[in-house]
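Structure record follows, encoded as C-alpha cells.
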Amino acid sequence: MSLPFLPSFLRTGPLAGPLAAYGLYIVGSALLASNPVVGRAVAHVVPPIGLAFWRWLIAFLIVLPFALPGLLTHRVQLKRQWRRYLLLGVLGQGISGAIVYYGLERTSATNASLIYATSPAMILALAAVWLGDAIRPRQVLGILLAMAGVLVILTRGDLDALRHLSFNSGDLLVLTGAVSWSVYTILLRQSGTPLPVVTAFAANAFAGVLVLAPFYAWETVAVRPVPFSVSTILSIVAVALFASVLALLAYQKTIAMMGAARASTALYVSPLWAALASWVLLSEPLQGFHLMGVALVLPGVMLATLQARKPAAEPATEAA
0 MSLPFLPSFL
10 RTGPLAGPLA
20 AYGLYIVGSA
30 LLASNPVVGR
40 AVAHVVPPIG
50 LAFWRWLIAF
60 LIVLPFALPG
70 LLTHRVQLKR
80 QWRRYLLLGV
90 LGQGISGAIV
100 YYGLERTSAT
110 NASLIYATSP
120 AMILALAAVW
130 LGDAIRPRQV
140 LGILLAMAGV
150 LVILTRGDLD
160 ALRHLSFNSG
170 DLLVLTGAVS
180 WSVYTILLRQ
190 SGTPLPVVTA
200 FAANAFAGVL
210 VLAPFYAWET
220 VAVRPVPFSV
230 STILSIVAVA
240 LFASVLALLA
250 YQKTIAMMGA
260 ARASTALYVS
270 PLWAALASWV
280 LLSEPLQGFH
290 LMGVALVLPG
300 VMLATLQARK
310 PAAEPATEAA
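Each step along the sequence shown adds one to the number in numbering that gives the first Met the number 0, with nothing skipped, and position 1 is 0.
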C-alpha cells in the first residue's frame, strides 16, 4: 500500500527497518488505547456528542490537505454513494463515537477497551453470517472465548448479575458501539471501488461530522455546551490527532512494514496499554474480573483472527 502522505523519513531510511517496525507497532497500539482513556478522563466535563463532533471535525481538517486530491479524483463515486457514506457516518462516528463516550460516563476505560477488543471476533462472526465467509472450528472457539470474556466484564465476574440480567449501562453502551463498529467494518468491505486510505478516512470523517452536527446542536442547547478551555481543547485535539489520525497512520505503516496479519495484533495489545494508562493516570483499580476478561478476550480474539502460517515454500506476501 502506498502511503505518499507519510513524511519521507517514515517511508525510507532507518525507520523502514525491522526494529523500527516493532517500535511503530508499540506506538500504534498505545495510540489506539488513548481514545477510551481520554474519553473517560473528560467524561463529566466534555459532553459526549460534542467530543465526538469536534474529534472528527478536527481529524478531517488535519487530513484534508493530503486527502483533497483523492477526494477530487473520486468525487463522482463519492457523490453517487452519499447515502452509504452517511450510513457509515452513523455507524462509525455516531454510534461508535458518541454512544461510546456516553458509556464512558458510566464505566471505566479498562472495561471499555476490553469490550472493544472483541470487535475483530465480532467482525469475523458477522462476516460468516452476513457475507457467507468460511469459518473454521478454531475461529469458532476464539469467538466463544472472546464473548465469554465480554460476559465476565459485563457481570464483573458475578454470575448473579447474569441470572438477574443486571448489567452496567455504560458497559452495554460500549458493547453497542463495538457491534456498530463491526457492522461499519463489514460495510466497508462491501464497497465496490475501494478508495485510497486517506481519501476514505476523510470521506468517512466528514460524513460523521454531518451526521453528528444536528445532535451536537441539540446537545449544546438542551443539555450543555462544550466548555472550551485550554484543558478541554487539548483533550479534544489529543483524541483527534492521536486516537484518530496518528493511530491510522501508524497502523497503515505497520501493515506496510510487517504485513497485515502481524500488524492486526496491535488491536490485542491496545487494551493492555489502556489498562496501564487508566491505572496510572485515572487511578482506576485493576480488579480480578479484568484479569479474567483479559485471559479470555485476548486469546479468543487471537484464535479467531490470526492467520495460520504458510509453508516456507509459499511465504506470505507482505503488504507494501
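For glycine and all other residues, C-beta sits at the position ideal for the given N, C-alpha and C.
Since the model is a prediction, treat every value here as computed from it, not as a measurement.
Across the set 302, 290, 235, the C-alpha of 235 shows the shortest separation from the C-alpha of residue 42. If you draw a 10 Å sphere on the C-beta of residue 180, you find 16 or more other C-beta atoms in it, and that means buried. A Cβ-Cβ separation of about 6 Å places residue 148 in contact with residue 299 under the 8 Å criterion. DSSP places residue 117 outside any alpha helix (DSSP H), giving it a letter other than H or E. For residue 251 and residue 159, the gap between their C-alpha atoms comes out near 43 Å. Around residue 48, the same chain offers 97, 211, 214, 215, 218 as residues with beta carbons nearer than 7 Å, after the five sequence neighbours per side are excluded. Ranked by how close their Cα comes to the Cα of residue 54, the residues 81, 95, 105 have 95 in first place.
Across the structure, residue 100 and residue 51 are spaced so that their CA atoms are roughly 8 Å apart. Around the C-beta of residue 297, 16 or more other C-beta atoms lie within 10 Å, and the residue is accordingly described as buried. Selection 253, 113, 92 evaluated against residue 200 yields 92 as nearest (Cα-Cα).
Residue 198 carries a helical assignment under DSSP once its states are collapsed to helix, strand and coil.
Looking only at 32, 130, 243, 113, the smallest Cα-Cα distance to residue 56 is reached by 243. Bounds of the alpha helix (DSSP H) holding residue 103 are 99 to 103.
DSSP places residue 184 inside the alpha helix (DSSP H), whose first and last residues are 168 to 188.
Comparing alpha carbon positions, the residue from 275, 120, 150, 223 closest to residue 140 is 120. Only buried fits residue 277, as 16 or more other CB atoms lie within 10 angstroms of its CB.
Cα atoms of residue 198 and residue 33: separation of roughly 24 Å, rounded to the nearest angstrom. Within the same chain, and ignoring the five residues on either side of residue 27 in sequence, the residues whose Cβ sits closer than 6 Å to its Cβ are 249, 250, 253, 265.
Per DSSP, reduced to three states, the secondary structure at residue 230 is helical. Residues of the same chain with a CB within less than 6 Å of the CB of residue 173, apart from the 5 flanking positions on each side, are 99, 102, 111, 114 in chain order. Spatial neighbours of residue 195 in its own chain (CB-CB distance under 7 Å, excluding positions within 5 residues in sequence) are listed in chain order as 69.
For residue 289, the three-state secondary structure derived from DSSP is helix. At the C-beta level, residue 274 and residue 109 come within 7 Å of one another. Judged by beta-carbon spacing, residue 295 lies beyond the 7 Å limit of residue 85, meaning their Cβ atoms are not closer than that value.
Of the other Cβ atoms in all chains shown, 16 or more fall within 10 Å of the Cβ of residue 269; this residue is therefore buried. Between residue 64 and residue 222, the CB-CB gap reaches or exceeds 7 Å.
Between residue 44 and residue 224 a beta carbon distance of about 12 Å is seen, past the 8 Å cut, so the two are scored as non-contacting. Excluding residues up to 5 positions away in sequence, 241, 242, 245, 246, 249 lie with their Cβ nearer than 8 Å to the Cβ of residue 30 in the same chain.
Secondary structure at residue 218: helix, using DSSP grouped into helix, strand and coil. Straight through space, the alpha carbons of residue 71 and residue 36 are spaced by roughly 36 Å.
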